[in-house]
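In full-length UniProt numbering, the protein residues as written are 1 to 314. Just so you know, even glycine gets a beta-carbon here, dropped at the ideal spot from N, CA and C.
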Amino acid sequence: MFNDDEKKNKLKVIQFDKHKNTLVESLQPQETFDDVGGLEDVKKKIRMNFILPLQNPEFFKAYGKEAGGSLLLYGPPGCGKTFLAKAIAGEINANFLHMELQAILSMYVGQSEHNLHDFFEKAREQKPCVLFIDELDALGGSRQNMRHHHERMLVNQLLIELDGLNSHNNGVYVIGATNTPWYLDPALRRPGRFNQLIFIPPPSEQERELILKLKVKDKPQAKLNFKKYAGKSQHFSGADLEQLVNDSIESALQRSLETGELQPLTDNDITQALKGRKPTTLEWFSTAKNYATFSDVNKDYQHVLEYIKDNKIR
């Protein structure tokens, strides 16, 4: 584990430069679990699998467990899966490598598999490192539904890298994120790969209030009733709330342009914006409910059904 000074120097985000076709490094914002509101059960599970093995290696080694592993975050889009992955990297003072689909796929045969291998090699060189695979379903979809050989080969390569057959993955934390985990290849869910599923729900009412406050921070504003709007934005994702604030700001900005004077954001701006917005998560819950009810043989998505019931989603 690094101290605070070392953390500032060593903690990095590793990104893909599409223009140079190379991996580049930049300083990472210092997000930690303190910046993630709520999700206490999620944080507890992550601490057990990602953080405590670094803090208490002798205990975990005695039971044959080493630092490293994989985690699959799933849930409606816009609910902060990427932010949570960065916070995990901040908690363990690790480098952060964000793998995006456009950085992997290539029109040339075999190049996609090569690009995928390069990402894993970079993660192994930068240990401890969080390797975050966004849109995992697009990269590791079910091979049974694939028509082309090269698509199946890419999934095969992903399985090889996760198993660490050619290199040791100790100290590499692979975090996948997907909106549709039921479309993943079953082999990815085998123990030792993405066998740990964590449901990331929309923010709670208290979290929505906090998000709204943060989104309008430092903006010209009258006294706003955040608690009221948090209650009226049930099932909104973080992305939905951000768009709600943007719509409200546009209204205030329009008044400012019309009057020639800076106009503060008001309750009326947010009220009018709310009338034109619906939570985008409802469509996801409709699909997830059908799958969890009729096709979830292993009962992997019971958390979704419990959330739907507790929050009276129809």
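The three-state secondary structure of residue 123, taken from DSSP, is helix. Residue 74 sits in a strand when the DSSP states are folded into three classes.
In this structure, residue 128 sits away from residue 87, with a CB-CB distance that is not shorter than 7 Å. Between the region 261-275 and the region 212-223, the count of C-beta pairs closer than 8 Å reaches three or more; the two stretches touch. Distance from the CA of residue 209 to the CA of residue 33, rounded to the nearest whole angstrom, comes to 18 Å. For residue 268, the uninterrupted alpha helix (DSSP H) run begins and ends at 267-275, by DSSP. For the 7 Å CB-CB criterion, residue 237 and residue 178 do not form a contact. Residue nearest to residue 197 within the set 97, 216 and 175 is 175 (criterion: CA-CA distance). Here DSSP, grouped into helix, strand and coil, assigns residue 136 to helix. The Cβ atoms of residue 240 and residue 180 lie no closer than 7 Å to each other. The residues 230, 231 and 234, in chain order, have a CB closer than 8 Å to that of residue 205 in the same chain once the five nearest residues on each side in sequence are set aside.
The beta carbon of residue 158 sits closer than 8 Å to those of 116, 139, 140 and 188, all from its chain and outside the five residues before and after it, given in chain order. Secondary structure at residue 95: strand, using DSSP grouped into helix, strand and coil.
For residue 52, the closest C-alpha among the options 92, 99 and 250 is that of 92.
About 7 Å separates the Cβ atoms of residue 131 and residue 120, confirming a contact at the 8 Å cut-off. Assignment of residue 30 by DSSP, reduced to helix, strand and coil, places it in the coil class. Boundaries of the alpha helix (DSSP H) harbouring residue 103: 101-104, taken from the DSSP string. Between residue 215 and the set 186, 201 and 249, the nearest pair of CA atoms involves 249. Bridge partners of residue 287 according to DSSP: none are assigned. Comparing alpha carbon positions, the residue from 274, 203, 300 and 69 closest to residue 39 is 203.
Distance from the Cα of residue 79 is smallest, within the candidate group 57, 285, 225 and 298, for 285. Distance between residue 297 and residue 272, taken at the CA atoms: about 44 Å.
Rounded to the nearest whole angstrom, the CA to CA distance from residue 184 to residue 313 is 25 Å.
With contacts defined by Cβ atoms closer than 7 Å, residue 31 and residue 90 form a contacting pair. In the DSSP assignment, residue 131 forms a beta bridge with 97 and 174. Residue 197: member of the beta strand (DSSP E) spanning 197-199, first to last residue. Between the C-alpha atoms of residue 122 and residue 213 there is a straight-line separation of about 38 Å.
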